[in-house]
Amino acid sequence: MKKSLIALAVLSASGLAMAQSSVTLYGVVDTGPTYIKGDKNVYGLTNYGGTTNSRLGLRGTEDLGGGLKAIFNLEGGIGTDTGEGKAAGGGFDFKRTSYVGLEGGFGIVRFGRELTASYLAVSRYDPFGDTGIGATRFWGNGYAARVENGITYYTPNIAGFKLGVNYGFGEQTASRDNRYITLGATYDNGPLSVGFGYDKLNGNRVGGLNPAAEDLTTWQLGGSYDLGAAKLAAAYKNTKYKDDLGNSEKLKSYMLGVTAPVGAGKIKAAYSHYKWSDSSAKANEFSLGYVYDLSKRTAVYGTYAYLKNKNGATFGLNAGNLATSAGLTASGKQQGLQVGIRHAF
Amino acid sequence: MKKSLIALAVLSASGLAMAQSSVTLYGVVDTGPTYIKGDKNVYGLTNYGGTTNSRLGLRGTEDLGGGLKAIFNLEGGIGTDTGEGKAAGGGFDFKRTSYVGLEGGFGIVRFGRELTASYLAVSRYDPFGDTGIGATRFWGNGYAARVENGITYYTPNIAGFKLGVNYGFGEQTASRDNRYITLGATYDNGPLSVGFGYDKLNGNRVGGLNPAAEDLTTWQLGGSYDLGAAKLAAAYKNTKYKDDLGNSEKLKSYMLGVTAPVGAGKIKAAYSHYKWSDSSAKANEFSLGYVYDLSKRTAVYGTYAYLKNKNGATFGLNAGNLATSAGLTASGKQQGLQVGIRHAF
Amino acid sequence: MKKSLIALAVLSASGLAMAQSSVTLYGVVDTGPTYIKGDKNVYGLTNYGGTTNSRLGLRGTEDLGGGLKAIFNLEGGIGTDTGEGKAAGGGFDFKRTSYVGLEGGFGIVRFGRELTASYLAVSRYDPFGDTGIGATRFWGNGYAARVENGITYYTPNIAGFKLGVNYGFGEQTASRDNRYITLGATYDNGPLSVGFGYDKLNGNRVGGLNPAAEDLTTWQLGGSYDLGAAKLAAAYKNTKYKDDLGNSEKLKSYMLGVTAPVGAGKIKAAYSHYKWSDSSAKANEFSLGYVYDLSKRTAVYGTYAYLKNKNGATFGLNAGNLATSAGLTASGKQQGLQVGIRHAF
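Protein chains in written order, with full-length UniProt numbering: chain X, 1 to 345; chain P, 1 to 345; chain C, 1 to 345.
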């Protein structure tokens, strides 16, 4: 069932095609009280979600015959705490996912905006799914998890191997600004899972670590092994920032994670370490969470996270406006507690 | 049937659960020509609705077993006259309602943004439902009908009694700014209905009567009795504004209303009086309307409203940009005529 | 089937009413790589669509009995390349269409925002449907294809004749600014189709040809004849701009078009000529396209377009931000190539 709970079979002359063509309206609403202690204390409601970012979307598949399918997906984020969308003016948009494509024996081709193959290959090893205060901070600091104005290609699954590439047009006439190339390779076989990602983003980036940062080159590697009683995961990410004056610096991130089923729920824990190459600035983060499934669609959860900076580093918890309000001095620390409800439809 | 016309039964293994779990896409489109005479005349189309504010929403209930249910609602407003949403940048958002929660024998707990328990307890006595030019102006002047970043609790219905509270986090580190506490108590038994509301909103308010107003404390009381041939309603609201210099003033509002079924339609009339405590500024408003139901989902309507200020008061009709364009001098008056179509789906 | 693929029969006591009342969620996602050569070259993804502008909408019909129906439509545009909506702040809105109305033996009455009767009467003769780089530029230069704050009336179809009028309130107190009146008349009979449109838009227009342009008066005429092997079309448009100093100028546009079925697809070609009356500035545009239908809902396509200005004219191709980026000097030219996928649901 999962997220296709309002799966509407497309009306069609052929019962077979009907079974294979569908349009699904789906969504997630996830929020709850959060407490963040940084320089100061702040209490509030989680902005986009504690375990899954709140969203609303439509996706569809049409069987074109001969193994060919048309596919599309439109999905946007919702700030459940206030009802705001994620557009600059507070409106709802489809910037989580917006693509149209074809799928066949050759694999998948899609045009539009979507999560990069690189990000998808490795972010799945974060026990907290890069969401809520427990999220590892691998993918902050100017890293773009999504490509837009992009062409995406995925190979079919071949003996557990799958390869994906994104090419995002910068839409520039005189430079390569905003051009984005990413690659993701995954291997999944029984209990073993491995993922590798590579990104090259041509600068002019808002949110880059260094205001003058022009280019960002990343490679990341992760894996997990499911022992049954627990699933162990590890990941590494190396990001090189290069500005237009030729200066560069690297950010190295490490993560160890574990998830274990306990009753109708799951315990999750992660440890992350972040280190800048051009200074001794670094940080450690520890997260512990429990998700209790009330059904396949609904869960309640609690997460605790602690992040400590050293030598001038300024990593903060993934808590949006609350983390900003709580404040963080250089070398400071933040900790937080988050409880909430997640409901998928 | 009402608003659940696109009720989509959630696919489920259990036929019983299927009957009790659902996701519904619903909406209202309501607009029509409006004429407002203030300092000048202006003609145009009603912005958000003449009898029901135009909206689009999704709501759902999932049966979790043991009497427990997961619930959610996402709903946004639409300016049917232009197609604009209500976000600052003109986009559609979900700021009418955005919550996720649980319902059980203990009552209802919800997280997010929604109409306050106080507003819901009393606004239902306005024959015009606080919508269109006939609306009483009880809930203007900086009053917030919605709480956000909020935790809401409603008791079960006990012998007709129901109690609701909202606590809205201000999300501040150093003050109570924007913190919002409301309480609503209702009693409904046969023809008799009574509602009481209390609000305490900690200032820093945009739209407050006094630009320096910091705190707003409200209590409101209303009731109705259904005689069959007509339903009589009355309400009172007392709002105290207090600025950061310690100055305060009160706004007292009174309303008498009546609705009566006539053929396939309903006649509505209301008289309201508004009075400021720190001056002799006051105003009287009279509204008369007729709604003719073409079906359970569709109606045509006409409303006339007249509002006269005295001693420097500046209350205007509830007609959005048209009321603003028509203009209003201190102690002036506005009157208007509004016709339109309301369609719910 | 067409666009009503998620047609949700409205639940109703009467099976007959059920068949006649419906609410439909529908949409189009259309994008693909585009190359534009103006002063410079630029590559990117088509913004709103190469053959049909990407959109998401809801529309419904309710049978009220006695031949009367309630109707509504809410529809907004989507920039599939980035997921942005079309509101100023990037959010999704319903500014493509937003109306509620009644339909009966008397015709159709609608309140809200929609394409004008004038535009609809003639734009249908553009083989490229006023979409993508192949579109004729008849409807640029400050022309408003949509009316808002509007009352719309269409006659029933009488022996192939149909007449529509729009009246858009300017919502001004002291002037006729933004008032918009349009008229569209169509005749369709077997292979023959003729359409006539007239518009009068009272100025204060953003995007007008002349920054001081106050009033725009248009008449346009088009027709097509279907020979079977090919369908021939022609159109003429005459637009008069008048500023607040009494100066005026005219823009005359001519188009010849042809579409021909070829296999499972369709070849389209158009030639347009644009000429300003107050100078010798003029331009020629030639477009050639092929649309290959993979199903009734999905197509792949390719379009080539060439536009050459003379004597200082500055007409550009219909390619949004890519045409702007590619640049265009006075008397210059632009050409482009566009391929993509269109999927309707």
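Glycine residues also receive a C-beta, built at the ideal position from the N, C-alpha and C atoms.
Here the structure is a predicted model, which means the values were calculated and not measured.
Per DSSP, the bridge partner or partners of residue i
i, result
"X:Asn73", "X:Arg59 and X:Tyr99"
"X:Lys268", "X:Thr259 and X:Gly289"
"X:Phe111", "X:Val100 and X:Ile151"
"C:Glu84", "C:Gly79"
"C:Asn189", "C:Leu192"
"X:Gly90", "Its beta-bridge partners do not exist; DSSP assigns none."
"C:Ala299", "C:Asp293 and C:Arg342"
"X:Pro33", "X:Leu45"
"P:Asn248", "In the sequence as displayed, the identity of residue 248 of chain P is Ser instead of Asn. Beta-bridge pairing links P:Ser248 to P:Lys242."
"P:Gly164", "P:Tyr154 and P:Gly184"
"C:Ala174", "Partner(s): none; C:Ala174 has no beta bridge."
"residue 349 of chain X", "Because chain X spans 1 through 345 in this model, residue 349 of chain X falls outside it and cannot be assessed."
"C:Gly139", "Here residue 139 of chain C is Trp; the residue named in the question, Gly, does not match the sequence. None, per the DSSP bridge assignment."
Exposed unless 16 or more other CB atoms sit within 10 angstroms - verdict on residue i
i, result
"P:Ser280", "exposed"
"X:Lys237", "buried"
"X:Asn189", "exposed"
"X:Gly246", "exposed"
"P:Thr324", "exposed"
"C:Gly67", "exposed"
"C:Ser175", "exposed"
Beta-carbon proximity check, residue i vs residue j, cutoff 8 angstroms
i, j, result
"P:His343", "P:Val29", "yes"
"P:Ile181", "P:Tyr167", "yes"
"C:Gly91", "C:Gly85", "yes"
"P:Ser98", "P:Gly107", "no"
"C:Gly57", "C:Tyr26", "yes"
"C:Lys145", "C:Thr116", "The sequence given here has Ala at residue 145 of chain C, not Lys. Yes, these two residues count as a Cβ contact at 8 angstroms."
"P:Thr303", "P:Gly316", "no"
"C:Thr52", "X:Val100", "no"
"P:Thr239", "P:Leu251", "yes"
"P:Tyr119", "P:Gly197", "yes"
"C:Ser287", "X:Glu62", "no"
"X:Thr259", "X:Tyr143", "no"
Cα-Cα separation, residue i to residue j
i, j, result
"residue 391 of chain X", "X:Gly228", "What the structure shows of chain X is the stretch from 1 to 345, and residue 391 of chain X is not part of that stretch, so it cannot be assessed."
"C:Asp39", "X:Gln172", "13 angstroms"
"X:Ser12", "C:Val262", "Because the pLDDT of X:Ser12 is 31, which lies under 50, any placement of that residue in the model is unreliable, and the question is left without a value."
"P:Gln335", "P:Ala269", "15 angstroms"
"X:Lys275", "X:Gly50", "26 angstroms"
"X:Ala330", "X:Glu285", "15 angstroms"
"C:Phe161", "C:Gly184", "11 angstroms"
"X:Glu103", "X:Val109", "6 angstroms"
"X:Lys308", "X:Lys37", "12 angstroms"
"C:Ser253", "C:Ser272", "7 angstroms"
"C:Gly340", "C:Tyr306", "18 angstroms"
"X:Ala234", "X:Lys333", "24 angstroms"
"X:Tyr48", "X:Gly170", "28 angstroms"
"P:Thr314", "X:Arg297", "51 angstroms"
"residue 351 of chain C", "C:Gly327", "Residue 351 of chain C lies beyond the stretch modelled for chain C, which goes from 1 to 345, so this question has no answer here."
"C:Gly105", "C:Tyr292", "39 angstroms"
"C:Leu163", "C:Arg124", "15 angstroms"
"C:Val206", "C:Val147", "Low confidence applies here, because C:Val206 scores a pLDDT of 49, under 50, leaving its location unreliable and the question unanswered by this model."
"P:Lys95", "X:Glu249", "42 angstroms"
"C:Arg55", "P:Asp226", "47 angstroms"
Enclosing beta strand (DSSP E) for residue i [first to last residue]
i, result
"X:Gly316", "Unbroken run through X:Gly316: none, as it is neither H nor E."
"P:Gln20", "It is not in any beta strand (DSSP E) - P:Gln20 instead sits in the alpha helix (DSSP H) that spans Gly15 to Gln20."
"X:Gln335", "Lys333 to Ala344"
"P:Tyr241", "Lys231 to Asp243"
Where the alpha helix (DSSP H) through residue i begins and ends
i, result
"P:Leu120", "Ala117 to Ser123"
"X:Gly134", "Element bounds for X:Gly134: n/a, residue is neither H nor E."
"P:Asn321", "Gly320 to Ala326"
is_contact[residue i, chain D] using C-beta, thresh 8 angstroms
i, result
"P:Val100", "In the structure shown, chain D does not exist; the protein chains are X, P and C."
Check: residue i C-beta below 7 angstroms from any heavy atom of the ligand ATP
i, result
"X:Ser224", "This structure lacks the ligand ATP; in fact it carries no ligand of any kind."
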